[in-house]
Structures are given as C-alpha cells and as structure tokens.
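Numbering (this note's numbering), first residue to last: 3 to 650.
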Amino acid sequence: MIKVTFPDGSVREFAEGTTGLQIAESISSRLAQEVLAVSVNDQLWDLTRPINDDCTIKLHKFDDEEGKHAFWHSSAHLLAEALQELYPGIQFGIGPAIESGFYYDVDPGEAVIKEGDLPAIESKMNELAAQKSPLVRQEISKTDALKLFGERGETYKCELISELEDGTITTYTQGSFTDLCRGPHLPNTSEIKAIKLTSVAGAYWRGNEDRKMLTRIYGISFPKKKMLDDYLVLLEEAKKRDHRKIGRELELFAFSQAVGPGLPLWLPKGTALRLRLEEFLKKIQKEFGYQQVMTPHIGQKELWITSGHYAKYGKDSFQPIKTPQEGEEFLLKPMNCPHHCEIYKVSPKSYKDLPIRYAEFGTVYRYEQSGELHGLTRVRGFTQDDAHIFCRPDQLKDEFLKVMDIIFIIFKALNFENFEAQISLRDPENKEKYIGSDENWEKAERAIVEACEEKGLPARVELGEAAFYGPKLDFMVKDAIGRRWQLGTIQVDYNLPERFDLEYMGNDNQKHRPVMIHRAPFGSMERFVAVLIEHTGGKFPLWLTPDQVVILPISEKYNDYAFELAAKFNKQDVRTIVDDRNEKIGKKIRDNELKRIPYMLIVGEKEAENGEVAVRKQGEGDKGTMKADDFSAMITAEVEEMMNSYQP
RNA sequence: GCUGUUAUAGCUCAGUGGUAGAGCACUUCCUUGGUAAGGAAGAGGUCUCGGGUUCAAGUCCCGAUAACAGCUCCA
Numbered sequence: 003m004i005k006v007t008f009p010d011g012s013v014r015e016f017a018e019g020t021t022g023l024q025i026a027e028s029i030s031s032r033l034a035q036e037v038l039a040v041s042v043n044d045q046l047w048d049l050t051r052p053i054n055d056d057c058t059i060k061l062h063k064f065d066d067e068e069g070k071h072a073f074w075h076s077s078a079h080l081l082a083e084a085l086q087e088l089y090p091g092i093q094f095g096i097g098p099a100i101e102s103g104f105y106y107d108v109d110p111g112e113a114v115i116k117e118g119d120l121p122a123i124e125s126k127m128n129e130l131a132a133q134k135s136p137l138v139r140q141e142i143s144k145t146d147a148l149k150l151f152g153e154r155g156e157t158y159k160c161e162l163i164s165e166l167e168d169g170t171i172t173t174y175t176q177g178s179f180t181d182l183c184r185g186p187h188l189p190n191t192s193e194i195k196a197i198k199l200t201s202v203a204g205a206y207w208r209g210n211e212d213r214k215m216l217t218r219i220y221g222i223s224f225p226k227k228k229m230l231d232d233y234l235v236l237l238e239e240a241k242k243r244d245h246r247k248i249g250r251e252l253e254l255f256a257f258s259q260a261v262g263p264g265l266p267l268w269l270p271k272g273t274a275l276r277l278r279l280e281e282f283l284k285k286i287q288k289e290f291g292y293q294q295v296m297t298p299h300i301g302q303k304e305l306w307i308t309s310g311h312y313a314k315y316g317k318d319s320f321q322p323i324k325t326p327q328e329g330e331e332f333l334l335k336p337m338n339c340p341h342h343c344e345i346y347k348v349s350p351k352s353y354k355d356l357p358i359r360y361a362e363f364g365t366v367y368r369y370e371q372s373g374e375l376h377g378l379t380r381v382r383g384f385t386q387d388d389a390h391i392f393c394r395p396d397q398l399k400d401e402f403l404k405v406m407d408i409i410f411i412i413f414k415a416l417n418f419e420n421f422e423a424q425i426s427l428r429d430p431e432n433k434e435k436y437i438g439s440d441e442n443w444e445k446a447e448r449a450i451v452e453a454c455e456e457k458g459l460p461a462r463v464e465l466g467e468a469a470f471y472g473p474k475l476d477f478m479v480k481d482a483i484g485r486r487w488q489l490g491t492i493q494v495d496y497n498l499p500e501r502f503d504l505e506y507m508g509n510d511n512q513k514h515r516p517v518m519i520h521r522a523p524f525g526s527m528e529r530f531v532a533v534l535i536e537h538t539g540g541k542f543p544l545w546l547t548p549d550q551v552v553i554l555p556i557s558e559k560y561n562d563y564a565f566e567l568a569a570k571f572n573k574q575d576v577r578t579i580v581d582d583r584n585e586k587i588g589k590k591i592r593d594n595e596l597k598r599i600p601y602m603l604i605v606g607e608k609e610a611e612n613g614e615v616a617v618r619k620q621g622e623g624d625k626g627t628m629k630a631d632d633f634s635a636m637i638t639a640e641v642e643e644m645m646n647s648y649q650p
C-alpha cells in the first residue's frame, strides 16, 4: 500500500500502482470525468501513470493552469496527428501549450498550409478525437529515439533528442502518431470536444532568426462547446476595444504615411487627454519632491558613446545628423538619461543635496524594426514620463519604495486593479552581456527584491531579462477583459554614474558615486494611452475624458440656450460641447452615446424656460431633470472628489 | 528585419479582364422634433506607387511602400 496526501492534508491509502484517475474515481465519478492531470510531489503526471510510492497529489481540472496545460498539449498532439494524415511526409518541430491554447511548428516540405486549409484540419482533428485513442507514454533510450525519429526523417526531432540526456526521454503515442514529449497528457483524445484553429504564421525554428522558418499553426480547444463560444465572444470583445479602432473613432490620434511609419500624430482630443494625464503625474511628482527639467531632442554623438548606448544600438538606430561643420554629428535622443546626467554635473553636489529627482516628459526616437510597429504600443517616436533619481547608496531602497508608491497611485486612479510585478535580473550564465561590477549588480538586485517584500508586492523573478546596465522592476496590469500589458518600469543603474563620472561630496569630505534610478510609471504616454483605451473601451474616467458633457438641443430653436449653457459650463471648467446638427434627438443621442461622452444634456422648451437640463448618462439612459447650475456643481464636485482622493 | 495576408471614397466594405459601386460620414434643401438611426438631392476615387502581360488591367504577373497576424527584437 502507498500513502497519498491530498492538498487539504488528509491522507489515504491506495494499492501500489494506483493511477491518478483511479484516485479521482475513488472520490467521485464526476471528478473522474473532469480531471485532466495530476501533480505527484509537485511534478505534473499523466492520470494513467501508476503511482508506486508515498506522495502528495493534487488533481487538476480544466479550471486550473496545469489542467489546461495538459489539455492543450494533448490538443497540439491531436493537431499533429491530423496534419500527419493530411500532409504525408510533414516534419514536426515543437508543439507546446501556451497561455491560451496551443500551437505546432511544422515543416510541410513542398506543401503550403494556409488559413483556408484550417477548417479541413479541424474536421480531421474532430474525427480523430472521436476515436477515443489513448495517449500512451513510453520511456525510450536515446539510441532508440534517434533511430525511431531518424527513420521517419524527422530531422527537427532528432536535433532535439540529441540534446537530451539518455534515460530521460519519453514518447507519447495516440493512434498512428508518436511524438517526442515530456508530457503529461490526457488519458485519451475524446476529452477534446471543441476545437478552433485560429491562425497560421511563420516562426523560426528554435526562435532563431538564422534558422529555417517553419509554419506555426495556432489553435485553442475546450472540453465543452459552450466554453469555445465564450472564448470567441471574448476575442470579438477584444477586437472592439482595439485602441487603433477607438483612437480613430474618438479622434484621439492618427498616423500619416507622409510623416512616416511609427510616428503618431496626436489629434486635439487625444492631446487633451494626454496633457491631463501628464498634469496629474506632474502634480504627484511635485508632492514627491521631483523637479521638472527640459532638454533638447538631440545631443552630440559623443554623449551616447560615453553612455555606452552607441556601441550597443548605434548601427540599428536613426543615424547621426550631420551639420555643415565637418565631423560634427548629433543623434536624435533615444533616451533622456545622458542629458539628465549632464544636468546633474552642472554644479558640484553634496550628500546633503541627495536625493535629486529630475523629471521630464522626454520625447525619444528609436528605430524599431518595421515589423514591430503596432498602433501606439510600439512606435518610433514617443514620450517617456521619465525621471532620474540620483541618490546615495543608503537611500536606494527608500527611493525605490517611493517610486512604487507613485505607481500604485496611478494604477488606482485609472482603475487598474489587477497588476503584478516582474523582477528582471541578469542571466548568471552570461555575465559578460552586462556592464558593471558583480558587487554593484548584487547590491541592486537585493534592493529590488527587498523593496517588493516590504510592499508585499508579489513579483515573478526572471533571470536574463535585465537591461544591460542594471536590474529592473516592471509592472504588468490586467485590463478589463483579462489581457496583460506591461506598463511602468523602475530600473537601477550603477553604470551611467560611473561613465559620466558623477560625484557627490560625502560627510567624510571624500568624493562618492551616486546611484541612479530610471523610472517611468506610465512607461510612455503613447503606450499608456493605448492600454487605457483598451482597458476602458474608450469610456475614460470623468476627470480625464476630453469632452465631459455634450448638450443636445431638441430642435434648432434651442441652440442659443445650449450655447449659453456650454459657455457657462466651460468657464466653470466643465468641458462641454454642443451638438447643434439639424437632426432628431434620437439620432443625436445615438451618435453621442457612440462617442462615449459621459453626460448628455437634452434641452428643449421646458428646460430653456426653467434654466434646467435633462440629464442622460452614457450607457445608463435618462436620469431626470435638474437646474443647470446644480448639474455643473455636481460634475465639478465629482471631479474634485476623485482628484483629492489621490493626494499622496 | 523574417514569413504570410491585405491595399478601391474620410470610415466599413462589394466589385474575379471590357469606361468605378453600396452603407455610414460630409454639403444643400425639406422637416423643428422629447431619450439609440426622419426624408430628398448633391459632392467626393490617378482603384497605394513603379514596371510588365494583354486589343483592353481595379482585376493577372514582378518589384517597392504601408498596414495587419505571427516570429525575432525592444536602451
């Protein structure tokens, strides 16, 4: 007998060789139907794999990550089996489960797989799933594995096998398809009830630009048809929230081929929104002891040679600007740090002066690869809500904590309730990729980890994701429909102070090196506005939205009253426009609902006579009539209350 | 940058070798209205750009550019 410990701590005995599935059956038949995989001593196993020792187990259904993972991984194998039948001689790369769904990278040889071929592949998958083929795990020696896949001409698989250690290799077989795979998998393919192949795209073999490009087929699958339908609805919803679409509809920003790719044009309404965000952050930063500075958009090439960026990025950047003066070269600034370092150096600094915090909404230019440009989230000219903090080493952690406070205030003000953090450290295997001493790196990495602990901020640690000059802490928010976006960033830098030879006089009358922190709570104004659009679906908070109120006269007879009110409201800082088109009221309501203006005021004979407005709230409908002055006071109070609640 | 797809009116799109179309938006007129689309008329296009095939190209072929999806990259 073996002792099995469940997640709740209870222990039960089972015969040696009992499987996860049998354990589930012993609890309830319903559980046995829904369970997909099992963790045995925190290792993910097949349900059909016999358990021979005492262990702790956890059963996984579709609603947890591990269950989904096994489900989609098996779906990838099912996709491969279907492809093998439809495209004889096809070669397989890898086919993993991903965050939502799965893919398989394949090399179809001469054949071409297009979007239009996906339905046929889907049908084949459904047909094969219905056959209830068990997925059978087999341990195999390295020699046998190389022989097996070698005979089938699977060069990609053989490459993978040759890098594995003998004795750790397993295969899974369902029907006529055998794949090299660590597992785990579903007991059989019939669990996969609803399949959608979503797209086909190219992907480099092993993610390497220099290797062959394979065909990647993406798909997603579910144990129930209804779940697939819900997922497809979510995709539709995401499409409706696309910031590129809403940005055009609400006249926030645009691109022009004449101006150039990746160079956004901010339209009046988008500019109003952005400036309001900037003012909000400036106000908070003032409270936190920041000083605004301003620097030019260009600087001498030597500035970035000093910083080290020219060596690393110079050849892939906008190229230097020449002048009539022989040998004189300027660069469009790709970041603001060197300029801020020069500001620091304008006068000698004492330890009593630190920390010094220079903030600038600094516009920078980076020559992103053409295929990388995407709406406002990835552009070639953008404005960072940048600041550089110069402090003493003993102030580092405290400054870090204060920056985190600013970021929390911003997330709260804009209703990003779900966020997480990622600590990016250097790759310990590849230390030569980074500049700076071991000692400094370790100090900085420790400060970040401790700051997160002190704030109780759960953070994922990623090795090898650090910038080349220092470790960083990035914030990811989840938007209203659950997608993750990277926004704010805080980066420690021991390197630039060194390169720019920054100093301060200590209380020991000796010169010391300050520590630098780069930070941008929004990230960039472009990216942040894009994420905010997708998060809110274009329904911005009242304090932020470009137009807060639109007045809709019932007929042209009441236009004068409408304009009078608008003028009065605007004087009171209630941002108001008038829809004076010669249209029926129903039409005006519809159009302004679609513009997501928070308040619509309908005015006709009754209202004009009594100095009233009929209030309609966007998305909520008629709210009844009130005095015009009461309405503007209400809006002013609502905005003030919001702004005051975010005082540091 | 790589692979694939796309490019027609301000927007969304139809047009599949024989002189360019719809809906919305826009302009003018009628209408002057009460909570999500009133009616009529009109204006608007070198069919992204450059080559080629053809008697004839928006349509077929090649190239460039841009956008989109994915990959790679992201100071």
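Cβ atoms here follow ideal geometry from the backbone N, Cα and C, with glycine treated the same way.
Cα-Cα separation between Arg-583 and Lys-619, rounded to whole angstroms: Spanning the two alpha carbons is a distance of roughly 20 Å.
Under DSSP, the alpha helix (DSSP H) around Gly-1 begins and ends at which residues? There is simply no residue 1 to check, as the chain begins at 3 and stops at 650 in what is shown.
Return the first residue and the last residue of the beta strand (DSSP E) that Glu-456 is part of. Segment 440 to 457 is the alpha helix (DSSP H) holding Glu-456; no beta strand (DSSP E) there.
Take Lys-130 and list the residues in its own chain whose beta-carbon comes closer than 7 Å to its own, dropping the five residues that flank it on each side. Checking the sequence, you will find Leu at residue 130 rather than Lys. Excluding sequence neighbours, Leu-130 sits near Leu-80, Glu-83, Ala-84, Gly-177 and Thr-191.
What's the gap between the Cα of Gly-540 and the Cα of Ile-587? C-alpha of Gly-540 to C-alpha of Ile-587: approximately 23 Å in a straight line.
Quick check: what's the CA-CA separation for Trp-545 versus Glu-281? The straight-line gap from Cα to Cα measures roughly 12 Å.
At 4 residues or longer, what runs of the alpha helix (DSSP H) sit wholly inside the stretch 232 to 259? DSSP runs (the alpha helix (DSSP H)) wholly in the stretch 232 to 259: 245 to 251.
Bounding residues of the beta strand (DSSP E) (the contiguous stretch that carries Ile-409): No beta strand (DSSP E) contains Ile-409, which is instead part of the alpha helix (DSSP H) from 398 to 415.
Beta-carbon proximity list for Phe-224, same chain, < 6 Å, skipping 5 on both sides: Listed in chain order, the non-local C-beta contacts of Phe-224 below 6 Å within the same chain comprise Ala-196 and Leu-230, local neighbours out to five positions each way being set aside.
Could you work out which residue in Arg-359, Asn-497 and Phe-363 is closest to Gln-293 when comparing CA atoms only? Considering only Arg-359, Asn-497 and Phe-363, the residue with the shortest C-alpha distance to Gln-293 is Arg-359.
Would you tell me roughly how many angstroms separate the C-alpha atoms of Phe-320 and Thr-385, rounded to the nearest one? Approximately 16 Å between the Cα atoms of the pair.
Bounding residues of the alpha helix (DSSP H) (the contiguous stretch that carries Gly-588): Element bounds for Gly-588: 587 to 596.
Checking the sheet assignment: what are the DSSP bridge partners for Thr-172? Per DSSP, Glu-141.
Measure the alpha-carbon distance for Cys-183 versus Phe-104 and round it to whole angstroms. Using only the alpha carbons, I get a separation of about 14 Å.
Over what stretch of residues does the beta strand (DSSP E) that includes Arg-618 continue unbroken? Note, Arg-618: beta strand (DSSP E), 614 to 619.
Round the Cβ separation of Tyr-89 and Pro-121 to the nearest angstrom and send it over; I've been treating them as touching at under 8 Å. Taking 8 Å as the upper bound for CB-CB distance, Tyr-89 and Pro-121 are not in contact here, some 15 Å apart.
Where Ile-556 and Asp-632 are concerned, what is the direct C-alpha to C-alpha distance, given to the nearest angstrom? Straight across, the Cα-Cα distance linking Ile-556 with Asp-632 is about 21 Å.
Beta-carbon proximity list for Gly-69, same chain, < 7 Å, skipping 5 on both sides: Leu-38, Ala-39, His-62 and Lys-63, listed in sequence order.
Note down the Cα distance separating Asn-572 from Arg-250, rounded to an integer number of angstroms. When rounded, the distance between both Cα atoms is 25 Å.
Tell me whether the beta-carbon of Leu-475 lies closer than 8 Å to the beta-carbon of Phe-524. The answer is no: Cβ separation not under 8 Å.
Contact set for Asp-276: own chain, Cβ-Cβ below 7 Å, skip 5 residues either direction: Strictly speaking, residue 276 in this sequence is Arg, with Asp absent from that position. Trp-268, Met-527 and Val-531, listed in sequence order.
Find the nearest neighbour of Pro-340 within the set Asp-495, Glu-117 and Glu-607, judged by alpha-carbon distance. The candidate whose alpha carbon is nearest that of Pro-340 is Asp-495.
Straight-line gap, Glu-614 to Ile-599 (C-alpha atoms, nearest Å): In a straight line, the C-alpha of Glu-614 is about 20 Å away from that of Ile-599.
Report the three-state DSSP secondary structure of Tyr-360 (helix, strand or coil). Assignment of Tyr-360 by DSSP, reduced to helix, strand and coil, places it in the strand class.
Kindly list the residues whose CB is nearer than 7 Å to the CB of Glu-27, restricted to its own chain and excluding five residues on each side of it in sequence; keep chain order. Excluding five sequence positions before and after Glu-27, the CB atoms of its chain that fall closer than 7 Å to its own CB belong to Ala-34, given in chain order.
Cα-Cα, which of Asn-511, Glu-15 and Ala-469 is closest to Ser-426? Proximity to Ser-426 across Asn-511, Glu-15 and Ala-469 peaks at Ala-469, based on C-alpha coordinates.
Residue range of the alpha helix (DSSP H) that includes Gln-287: 270 to 289 is the extent of the alpha helix (DSSP H) around Gln-287.
Three or more C-beta pairs below 8 Å linking the stretch 500 to 510 and the stretch 343 to 352: Three or more Cβ pairs closer than 8 Å define a contact, and the stretch 500 to 510 meets that threshold against the stretch 343 to 352.
How would you call Arg-243, buried or exposed, if buried means at least 16 neighbouring beta carbons within 10 angstroms? That one is buried.
What are the boundary residues of the beta strand (DSSP E) that Gln-386 is part of? DSSP places Gln-386 inside the beta strand (DSSP E), whose first and last residues are 383 to 393.
Would you mind sorting Arg-218 into buried or exposed? The rule is 16 or more other CB atoms within 10 Å of its CB. With 16 or more other Cβ atoms inside 10 Å of its own Cβ, Arg-218 counts as buried.
How many angstroms separate the CA atom of Ala-423 from the CA atom of Val-366? C-alpha separation (whole angstroms): 25 Å.
Buried or exposed for Gln-493, please, with buried defined as at least 16 other CB atoms from any protein chain shown within 10 angstroms of its CB. Under a 10 Å Cβ-count criterion, Gln-493 is classified as buried, with 16 or more other Cβ atoms of the shown protein chains found around its own Cβ.
Going by the CB atoms, is the gap between Tyr-206 and Ile-222 shorter than 8 Å? No. Outside cutoff.
Could you check the C-alpha separation between Tyr-436 and Arg-529 for me, to the nearest Å? Cα to Cα, Tyr-436 sits roughly 27 Å from Arg-529.
Return the Cβ separation of Thr-170 and Gln-140 in integer angstroms, given the expectation that the two are a contact with Cβ distance under 8 Å. Contact between Thr-170 and Gln-140 is ruled out by a C-beta separation of about 13 Å, above the 8 Å threshold.
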